Ligand SMILES: [Zn+2]
């Protein structure tokens, strides 16, 4: 067992001692109080961390909902089949490509290749 030092007279005493045998300064109460205080601080920190995580999660969820509902409500032009969109049009406005999936784009590239006999 590791001996502790009395905070008053600095004598080595048992950590289980309720009071210092030399000067009579209360020990257990002091230590127990400090432990309790430390635990309370740790609990508080955990609480704040939890709260922070909750707030961050809320912000993320909120921005996701805003993002998706914004997308849904914004009028998007009716999507035409890729074969009807001319290459010039796509060159002018590359954002049109975002409307199509990679598979559709690859199919279209195949179609153009076949048309040109490549
Ligand atoms: Zn003492």
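Residue numbers (the numbering used here): 23 to 140.
Note that the Cβ used here is the ideal one computed from N, Cα and C, for glycine as well.
For clarity, every value in this text was computed on a predicted model and none was experimentally measured.
Comparing C-alpha distances from residue 46 to each of 27, 128 and 104 shows the shortest one belongs to 27.
Residue 27 has 34 as its beta-bridge partners, per DSSP. Within the stretch 58 to 140, the complete alpha helix (DSSP H) runs of at least 4 residues fall at 109 to 114 and 124 to 138. In the DSSP assignment, residue 41 forms a beta bridge with 48. In terms of side-chain proximity, the C-beta atom of residue 34 is found no nearer than 7 angstroms to any non-hydrogen atom of ligand 1. In the assembly as shown, residue 50 is an exposed residue. Its beta-carbon has fewer than 16 other beta-carbons within 10 Å. By a beta-carbon distance limit of 8 angstroms, residue 119 contacts residue 112. Their separation comes to about 6 angstroms. Note that the C-beta distance between residue 24 and residue 43 is not below 8 angstroms.
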